[in-house]
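Some notes on the structure that comes next.
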Amino acid sequence: IARFVTLNSGFKMPTLGFGTFMLKGEKLKEVLDYALFLGYRHIDTAASYENEEEIGQVLSDRVNAGRLNRKDIFITTKVPRTHLKKADVIESAQSSLAKLKTSYVDMLLVHHPWGFIKKENNEMQFEHVDLLETWQGFSTLFKSQKAHSIGVSNFTLEQIDSILKFSDVPPANVQLECHAYFLQNKLKAFCDEHHIAVSAYAPLGAPNRPAPHVQNNENLLEDPLIKEIAKSYKKTPAQVLLNFLLCRGFVVLPKSANKDRIKENLDVLNWTMTTKDYDKIASLDKGIRFFRFLFMRGHPDFFEEEDF
Ligand code: A2P
Numbered sequence: 003i004a005r006f007v008t009l010n011s012g013f014k015m016p017t018l019g020f021g022t023f024m025l026k027g028e029k030l031k032e033v034l035d036y037a038l039f040l041g042y043r044h045i046d047t048a049a050s051y052e053n054e055e056e057i058g059q060v061l062s063d064r065v066n067a068g069r070l071n072r073k074d075i076f077i078t079t080k081v082p083r084t085h086l087k088k089a090d091v092i093e094s095a096q097s098s099l100a101k102l103k104t105s106y107v108d109m110l111l112v113h114h115p116w117g118f119i120k121k122e123n124n125e126m127q128f129e130h131v132d133l134l135e136t137w138q139g140f141s142t143l144f145k146s147q148k149a150h151s152i153g154v155s156n157f158t159l160e161q162i163d164s165i166l167k168f169s170d171v172p173p174a175n176v177q178l179e180c181h182a183y184f185l186q187n188k189l190k191a192f193c194d195e196h197h198i199a200v201s202a203y204a205p206l207g208a209p210n211r212p213a214p215h216v217q218n219n220e221n222l223l224e225d226p227l228i229k230e231i232a233k234s235y236k237k238t239p240a241q242v243l244l245n246f247l248l249c250r251g252f253v254v255l256p257k258s259a260n261k262d263r264i265k266e267n268l269d270v271l272n273w274t275m276t277t278k279d280y281d282k283i284a285s286l287d288k289g290i291r292f293f294r295f296l297f298m299r300g301h302p303d304f305f306e307e308e309d310f
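The opening position of the sequence shown corresponds to residue 3 in full-length UniProt numbering, with each subsequent residue numbered one higher.
Here it is, written out as structure tokens:
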């Protein structure tokens, strides 16, 4: 299994990342330090996770103590939907750099393609923003190397295509929900064709998401086929699901706040399943999306039925 993918920007991205959504404060510091100790070298965060300061502190402590080189760490962060206009993109990125205590991020993503304005009373309001303007801000940051690579998240194929047609800087990475029940075949093939790396969030099927977000209460970790294959390799269902996505050419971003599971999720690079088992898992795709963004209903740029 490849440990890195070479991006269209020329930089290398580790294929296994540490997801940090919902992790904050002392707990995050403790588990991130442990993840770095184990060997994780790719950290996925976002301005909206409100945890960049903790991440910056853990990383700079390690770098200052001579226990880590900045260049060996790959940091991904994201610009939130309240900051999609060009000047706001730049402001958000500067703020992320300051919190992360670094002069560049390895990957900067547009978090979602749906614009928002925050009103004075702090209420959020839907707003159409021209994503090509957003991308101009990103290109500026790329050209000044504040972001070594730039990309998008939760974009549809058409939205990605419009950026490719418009800009001299193609997205290097697309991050989206992807797991054995939702393989994103069309988007993946499109991204392969355009040399865009695809990162899978919720690679385990987001098992702890609250029920309203889950269709049919499906639980990927409990799938009988996954359990059977896991048993035959003496691996866990989570390891099988991650190994499967890596075999398929995805970058995977599992997240865990539990040290045993953080360790477990790292043991997915040194082995590979047979083609037969891979094909069996590939047949599980049921088009089940766990992150459905139903609160975006009514936004002019939100198409519920589209793959993104
Ligand atoms: P926990 O933090 O208690 O480990 P996803 O990455 O698909 O969104 O899933 C994240 C969720 O999966 C987290 O709530 C996490 O809970 C749980 N999780 C992470 N790794 C494993 C694992 N190896 N086995 C079972 N559950 C896991």
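Ideal Cβ positions, reconstructed from N, Cα and C, are used throughout, including at glycine. Keep in mind the model is a prediction, meaning the values are calculated, not measured.
Query                                                                                                        : Result
Boundaries of the alpha helix (DSSP H) in which F128 is found, first to last residue                         : Run containing F128: none in the alpha helix (DSSP H); it sits in the beta strand (DSSP E), 126-128.
Pairwise C-alpha distance: S285 and residue 1                                                                : Nothing can be reported for residue 1, as the shown portion of the chain is limited to 3 through 310.
Own chain partners of K26 with C-beta closer than 7 Å, once the 5 adjacent residues on each side are dropped : E52, N53, E56
Meets three-Cβ-pair contact criterion under 8 Å: the region 153-167 and the region 131-138                   : yes
Cβ pair L255, P239 closer than 8 Å                                                                           : no
Stretch pair the region 228-235 + the region 188-205: three plus CB contacts closer than 8 Å                 : no
Through-space distance from D279 to D90, alpha-carbon basis                                                  : 47 Å
K257: CB within 7 Å of a non-hydrogen atom of the ligand A2P                                                 : yes
Cβ neighbour criterion (16 or more within 10 Å) applied to N71                                               : exposed
Beta-bridge pairing of Q177 - partner residues as DSSP gives them                                            : S155, S201
Pick from F128, E129, I165, Q161 that is closest to S141, judged by C-alpha positions                        : I165
Bridge partners - V253, DSSP secondary structure assignment                                                  : S201
Within 8 Å, strictly: CB atoms of V253 and V7                                                                : yes
Any chain D beta carbon closer than 8 Å to I231                                                              : Structure shown: chain D not included; a single protein chain is present.
Entirely enclosed beta strand (DSSP E) segments - the region 16-67, minimum 3 residues                       : 44-46
C-beta contact flag for L244 and Y42 at 8 Å                                                                  : no
Proximity test, L30 beta-carbon vs the ligand A2P heavy atom, cut-off 7 Å                                    : no
Exposure of G300, with buried meaning 16 or more beta-carbon neighbours within 10 Å                          : exposed
Runs of beta strand (DSSP E) wholly within the region 97-127 (minimum 3 residues, chain order)               : 109-112, 118-120
Cutoff 6 Å; reference G137; Cβ partners in own chain excluding five residues on either side                  : The residue you asked about is not Gly; residue 137 is Trp in the sequence shown. Excluding positions up to five away in sequence, the list reads I165, S169.
Rounded separation between G139 and R83 - CA only                                                            : 14 Å
Option in R294, L38, Q241, D194 with minimal Cα separation from L9                                           : D194
Under 8 Å between C-beta atoms of H181 and P209                                                              : no
Own chain residues within Cβ distance below 8 Å of K145, not counting five before or after                   : V171
Sequence-distant residues of the same chain with beta carbon closer than 8 Å to L248, five excluded per side : I3, A4, T17, L18, V254, V270, L271
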